[in-house]
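>
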Amino acid sequence: MCVIEPAPVVETRRLALRSPGAQDVSRLATLANDAAIARMTLRMPHPFGVADAEEFVLRVATQDPARARTFLIEHENHGPVGVIGLFEDADPAPEVGYWIARPFWGRGYATEALQGAMVWASKAWKRRALTAGHFSDNPASGRVLEKAGFLYTGEVRKGFSRARNAEAETRRMVWLA
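In this note's numbering, the protein residues as written are 7 to 183.
Structure, rendered in structure tokens:
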């Protein structure tokens with residue numbers, strides 16, 4: 007049986023992955039209130055305000071650490087730049103999802119955070135595989151997943167995106183430790 011840390015911090019070259027807290031609510035509300043980000047996720051609403059950020063932080067605080075872990079992605083110089091989460095659902099392996107705030111796109115932060123989360127998942131969480139998906143109209147996210155070692159499964163699922171208020175095709179991927 008593995009012992010799950012109550013609030014792990016994962017450090018990478020430029021980033022720290024840590025639990026979001028009340029001190030992050032304002033910054034999260036500012037960063038996440040971007041339609042370009044929300045429309046590439048299933049669960050994020052748009053607009054995304056302070057009340058949404060407060061609800062998010064509370065929901066993360068009550069996660070079962072054996073089944074889910076959500077990290078704030080914090081850059082050493084810029085502070086919080088996004089979020090990455092791992093969670094168990096109906097799939098045989100946990101799923102990973104992430105977003106990076108628009109001012110920080112194209113700097114490799116998503117790939118670096120994903121790689122750090124994958125190391126944490128395999129070592130501390132003892133998971134041997136992870137799944138992920140990206141909307142068909144978001145090839146940049148697919149490239150992030152590929153750089154981190156995920157492979158396409160050939161499966162395409164439809165999922166309801168809150169921000170789009172519509173279904174979107176999701177290309178499924180898998181990573182094996």
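Each residue gets a CB set at the ideal place from its N, CA and C atoms; glycine is no exception.
Identify, in the order they occur along the chain, each residue of the same chain with its Cβ nearer than 8 Å to the Cβ of Thr18, setting aside the five sequence neighbours on each side.
The residue you call residue 18 lines up with position 12 of the sequence shown. Result list for Thr18: Glu118, Ala119, Gln121, Gly122, in chain order.
> Please report the residue range of the alpha helix (DSSP H) in which Met179 lies.
Residue numbering aside, residue 179 sits at position 173 when the sequence shown is read from its first letter. Run containing Met179: none in the alpha helix (DSSP H); it sits in the beta strand (DSSP E), 172-182.
> Exposed or buried, what is Arg49 when buried is set at 16 or more other beta-carbons lying within 10 Å of its beta-carbon?
Stepping through the sequence shown from its first residue, residue 49 is reached at position 43. It counts as exposed.
> Could you give the DSSP three-state label for Met7: helix, strand or coil?
Taking the sequence shown and counting its residues from 1, one reaches residue 7 at position 1. For Met7, the predicted model reports a pLDDT of 47, less than 50, meaning its position is unreliable and no value from the coordinates is stated.
> In chain order, which alpha helix (DSSP H) runs of at least 4 residues are fully inside the region 40-116?
Listed in chain order, they are 41-44, 56-67.
> Just reading off the beta strand (DSSP E) that Gly165 is part of, what are its end residues?
As a position in the sequence shown, residue 165 is number 159, starting the count at 1. Element bounds for Gly165: 157-167.
> Give the single residue among Ala35, Arg45, Arg20, Ala13 whose Cα lies nearest to the Cα of Glu173.
Residue mapping note: residue 173 aligns to position 167 of the sequence shown, counting from 1. Considering only alpha carbons, the answer is Arg45.
> So Gly139 and Arg163 are in contact, right, with Cβ under 8 Å, and what is the actual spacing, rounded?
In the sequence shown, residue 139 corresponds to position 133, counting from 1. In the sequence shown, residue 163 corresponds to position 157, counting from 1. Between Arg163 and Gly139 the Cβ distance is about 7 Å, and since that is below 8 Å, they are a contact.
> Among the residues of its own chain, which have a CB less than 7 Å from the CB of Met124, if the five just before and after it don't count?
Numbered from its first residue, the sequence shown carries residue 124 at position 118. Cβ within range, chain order: Leu136, Ala154, Trp181.
> Does the distance between the C-beta of Arg133 and the nearest non-hydrogen atom of the ligand ADP fall short of 6 Å?
As far as ligands go, the structure on display features none, and thus does not contain the ligand ADP.
> Taking buried to mean at least 16 other C-beta atoms within 10 Å of its own C-beta, is Val15 buried or exposed?
Locating residue 15 in the sequence shown gives position 9, counting from the first residue. Burial call: exposed.
> When the Cα of Gly103 is compared with those of Arg134, Thr36, Thr176, Lys129, which residue comes out closest?
Residue 103 sits at position 97 when you count from the first residue of the sequence shown. Among Arg134, Thr36, Thr176, Lys129, the Cα nearest to that of Gly103 is on Thr176.
> Considering only the beta carbon of each residue, do Val63 and Pro26 sit closer than 7 Å?
The count along the sequence shown starts at 1 and reaches residue 63 at position 57. The count along the sequence shown starts at 1 and reaches residue 26 at position 20. Contact: yes.
> Would you mind stating whether Ala35 and Val66 have Cβ atoms separated by less than 7 Å?
As a working note, residue 35 is residue 29 in the sequence shown. As a working note, residue 66 is residue 60 in the sequence shown. Not a contact, by the Cβ cut-off of 7 Å.
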